[in-house]
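*Asks:* One structure is given below, represented as structure tokens, and several questions about it will come after.
In full-length UniProt numbering, the protein residues as written are 1 to 223.
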């Protein structure tokens with residue numbers, strides 16, 4: 001009977017390689033979603049500035065949407081309009097934290113959701129940095145209005161805002177449905193693996209000792 005056991009070291013190396021490949025895929029997804037979100041936001045803002053500057057609001061879908069260019073120094077819903085630089089610093093911190101957490105993502109929905117959040121935060125941060133009136137003081141370009149050209153029904157927004165809101169909604173849904181963001185600490189994983197290995201070893205020892213005990217008893221009773 002073959003009693004050879006798999007080498008736990010080789011198994012551990014294989015597991016680490018699989019985790020490394022999975023991490024690369026998830027981080028790539030996270031960054032790709034963010035990059036596409038930023039690209040769409042930047043291109044639509046450039047188009048809005050080009051076509052809508054000094055132009056009347058453009059009605060779409062029978063008044064469901066309007067394109068109306070505005071410059072927002074504050075946050076959503078025109079809050080904190082006198083603290084543009086504070087909002088820029090907060091956005092920078094958010095971007096840094098998301099990039100730091102990206103290597104801990106362990107499933108695709110989280111990579112997609114956080115990629116949208118990163119893209120939204122980065123898109124508006126680009127405006128804060130590069131647009132007038134100056135560095136970290138730039139006003140965000142908003143141009144999409146719902147049901148009313150002046151934003152009375154709902155604040156005028158942009159594609160970065162949409163990306164950010166959708167990403168946050170997905171994050172909330174993932175939390176409520178119990179989808180894990182990351183794996184348990186490595187120490188816990190190693191402890192579980194060692195415990196499983198010890199249990200398997202005990203079972204194998206018991207299996208091997210049973211025939212030996214049977215042979216011993218048989219030898220004692222043989223005439």
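Glycine is no exception: its CB is placed at the ideal position from the N, C-alpha and C atoms.
Are the beta-carbon atoms of residue 161 and residue 120 separated by less than 8 Å?
*Replies:* Here residue 161 refers to the residue found at position 161 of the chain shown. Here residue 120 refers to the residue found at position 120 of the chain shown. Yes, they are a contact pair.
*Asks:* Please return the same chain residues whose Cβ sits closer than 7 Å to the Cβ of residue 122, not counting the five positions on each side in sequence.
*Replies:* Position 122 of the chain shown, counting from 1, holds the residue named residue 122. The answer, listed in chain order, is 34, 38 and 95.
*Asks:* With a Cβ-Cβ cutoff of 8 Å, do residue 70 and residue 143 count as a contact?
*Replies:* Taking the chain shown and counting its residues from 1, one reaches residue 70 at position 70. Taking the chain shown and counting its residues from 1, one reaches residue 143 at position 143. For residue 70 and residue 143, yes; Cβs fall inside 8 Å.
*Asks:* Alpha helix (DSSP H) containing residue 163: first to last residue?
*Replies:* By 1-based counting over the chain shown, the position of residue 163 is 163. Note, residue 163: alpha helix (DSSP H), 159-176.
*Asks:* Out of 73, 30, 163 and 148, point me to the one whose CA is closest to residue 64's CA.
*Replies:* The residue you call residue 64 lines up with position 64 of the chain shown. For the residues 73, 30, 163 and 148, the minimum Cα distance to residue 64 belongs to 148.
*Asks:* Based on Cα-Cα distance, which residue from 103, 176 and 139 lies nearest to residue 26?
*Replies:* In the chain shown, residue 26 corresponds to position 26, counting from 1. For the residues 103, 176 and 139, the minimum Cα distance to residue 26 belongs to 103.
*Asks:* Would residue 84 be called buried (16 or more neighbouring beta carbons within 10 Å of its own) or exposed?
*Replies:* Against the chain shown, residue 84 aligns to sequence position 84. Counting Cβ neighbours within 10 Å, residue 84 comes out buried, since at least 16 surround it.
*Asks:* Looking only at C-alpha atoms, which of 90, 24 and 29 sits nearest to residue 109?
*Replies:* Here residue 109 corresponds to residue number 109 of the chain shown, with the count starting at 1. Ranking the options by Cα distance to residue 109, first place goes to 29.
*Asks:* Buried or exposed: which applies to residue 156, given that a residue is buried once 16 or more other Cβ atoms fall within 10 Å of its Cβ?
*Replies:* Along the chain shown, read from residue 1 onward, the residue named residue 156 stands at position 156. That one is buried.
*Asks:* Helix, strand or coil: how does DSSP classify residue 143 here?
*Replies:* In the chain shown, counting from the first residue as 1, residue 143 sits at position 143. In the structure shown, residue 143 sits in a strand (DSSP, three-state: E or B).
*Asks:* For residue 84, which three-state DSSP category applies?
*Replies:* By one-based count along the chain shown, residue 84 stands at place 84. Helix, per DSSP.
*Asks:* Just to confirm the assignment, what range does the alpha helix (DSSP H) spanning residue 124 have?
*Replies:* Numbered from 1 along the chain shown, position 124 holds the residue referred to as residue 124. Element bounds for residue 124: 108-130.
*Asks:* Can you tell me which of the three DSSP states residue 70 falls into?
*Replies:* One-based indexing of the chain shown puts residue 70 at position 70. If DSSP states are grouped into helix, strand and coil, residue 70 belongs with the strands.
*Asks:* If I follow the unbroken beta strand (DSSP E) through residue 60, where does it start and stop?
*Replies:* Taking the first residue of the chain shown as position 1, residue 60 is located at position 60. Its beta strand (DSSP E) spans residues 58-60.
*Asks:* CB-CB under 8 Å to residue 87, same chain, minus the five flanking residues each way: which ones, in chain order?
*Replies:* Taking the chain shown and counting its residues from 1, the one referred to as residue 87 is at position 87. Here the set comprises 74, 75, 80 and 128.
*Asks:* At the level of alpha carbons, what is the spacing between residue 134 and residue 48?
*Replies:* Numbered from 1 along the chain shown, position 134 holds the residue referred to as residue 134. Numbered from 1 along the chain shown, position 48 holds the residue referred to as residue 48. Going from the Cα of residue 134 to the Cα of residue 48 covers about 20 Å.
*Asks:* Can you give me the Cβ contacts of residue 92 inside the same chain, cut-off strictly under 8 Å, excluding the 5 residues immediately before and after it?
*Replies:* Walking along the chain shown from the start, residue 92 turns up at place 92. So the list reads 125, once near-sequence residues are dropped.
*Asks:* For residue 187, collect the residues of the same chain with a Cβ closer than 6 Å to its Cβ; drop the 5 residues on either side in sequence, then sort them by chain order.
*Replies:* Reading the chain shown from its first residue, position 187 is the one you call residue 187. Any reading at residue 187 needs caution, since the residue's pLDDT is 46, under 50, leaving its predicted position unreliable; the model's value is listed next. Around residue 187: no qualifying Cβ.
*Asks:* Give the straight-line distance between the Cα atoms of residue 100 and residue 56, rounded to the nearest whole angstrom.
*Replies:* Along the chain shown, read from residue 1 onward, the residue named residue 100 stands at position 100. Along the chain shown, read from residue 1 onward, the residue named residue 56 stands at position 56. Each residue's alpha carbon lies about 43 Å from the other.
*Asks:* Using a 10 Å radius around the Cβ and a threshold of 16 neighbouring Cβ atoms, would you call residue 60 buried or exposed?
*Replies:* Here residue 60 refers to the residue found at position 60 when the chain shown is read from its first residue. Counting Cβ neighbours within 10 Å, residue 60 comes out exposed, since fewer than 16 surround it.
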